[in-house]
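Enquirer: Each step along the sequence shown adds one to the number in this note's numbering, with nothing skipped, and position 159 is 158. Even for Gly, the Cβ is constructed at its ideal location relative to N, Cα and C. Please read through the structure below; I'll follow up with questions.
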Amino acid sequence: MTAPPSLFEIPIVITTHVNADFDALAAAVGASLLYPEGRIVFSGSLNPNVREFVSLHGETLPIMSLRLIDQSKIRQLIMVDTAEPERIGDLGRLCGREGVETVVFDHHDAENPRRPPFVKGENWVLSHDGSQAASMLYLLRERGVEIPRLAATIFALGIHEDTGSLTYPRTTIRDAEMLA
0 MTAPPSLFEI PIVITTHVNA DFDALAAAVG ASLLYPEGRI VFSGSLNPNV REFVSLHGET
60 LPIMSLRLID QSKIRQLIMV DTAEPERIGD LGRLCGREGV ETVVFDHHDA ENPRRPPFVK
120 GENWVLSHDG SQAASMLYLL RERGVEIPRL AATIFALGIH EDTGSLTYPR TTIRDAEMLA
């Protein structure tokens, strides 16, 4: 009989909504630059274009499978591009769990303007940008974080996708500035 494989102890997990698009991927990559010890975990499917992109470039990103992580060791859950636990698959059950701090970065203020009860005030980062990618990039630049080339490409894809290449009505000046 062989011993079961040991799971990785990952205290910081970064996640986003199921069927993640490029804006969600960009937000997760941005969060991984803000939280370098964190690992990106997709608890659901990826948009087909994102899945193909991740299959080509994912080895250079801090992505891990949820199956490989000891969920009892997670101490911080970083949610990006959503504030709704039911949109993050199995990881949603960590929201509100004792001993797990939840941080939310979201730009869907019209859809969900109230801070969820499981998020402390300082952990609720809501923006009005047309894309979460632009919001994350702005935070990173404000903090002087170096943006790797691949991350810059992902941010551009995310901004283009969620703003319709800067044509959607929700597009902000900051979306355009961050794309530039």
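Just reading off the alpha helix (DSSP H) that Q131 is part of, what are its end residues?
Expert: As a position in the sequence shown, residue 131 is number 132, starting the count at 1. Note, Q131: alpha helix (DSSP H), Q131 to E141.
Enquirer: May I have the straight-line CA-CA distance separating A2 from L67, to the nearest angstrom?
Expert: Looking up residue 2 in the sequence shown gives position 3. Looking up residue 67 in the sequence shown gives position 68. The predicted position of A2 is uncertain, since its pLDDT is 49 and thus under 50; a value taken from the coordinates is nonetheless stated next. Between A2 and L67, the C-alpha separation is close to 15 Å.
Enquirer: With H, G and I counted as helix, E and B as strand and the rest as coil, what does DSSP make of A2?
Expert: Locating residue 2 in the sequence shown gives position 3, counting from the first residue. The predicted model places A2 with a pLDDT of 49, which falls under 50 and marks its position as unreliable, so this point remains unresolved.
Enquirer: Are the CB atoms of R92 and V17 nearer to each other than 8 Å?
Expert: In the sequence shown, residue 92 corresponds to position 93, counting from 1. In the sequence shown, residue 17 corresponds to position 18, counting from 1. Against a cut-off of 8 Å, the Cβ pair of V17 and R92 comes out as no contact.
Enquirer: Drop a sphere of 10 angstroms on the beta-carbon of P47, count the other beta-carbons inside from all chains shown, and report buried for 16 or more, exposed for fewer.
Expert: Here residue 47 corresponds to residue number 48 of the sequence shown, with the count starting at 1. Of the other Cβ atoms in all chains shown, fewer than 16 fall within 10 Å of the Cβ of P47; this residue is therefore exposed.
Enquirer: Quick check on the burial criterion: 16 or more other C-beta atoms within 10 angstroms. Buried or exposed for H106?
Expert: Locating residue 106 in the sequence shown gives position 107, where the first residue counts as 1. Its Cβ being crowded by 16 or more others within 10 Å, H106 is buried.
Enquirer: Should the stretch 93-100 be regarded as contacting the stretch 32-50, the criterion being three or more beta carbon pairs within less than 8 Å?
Expert: They do not touch, by the three-pair rule.
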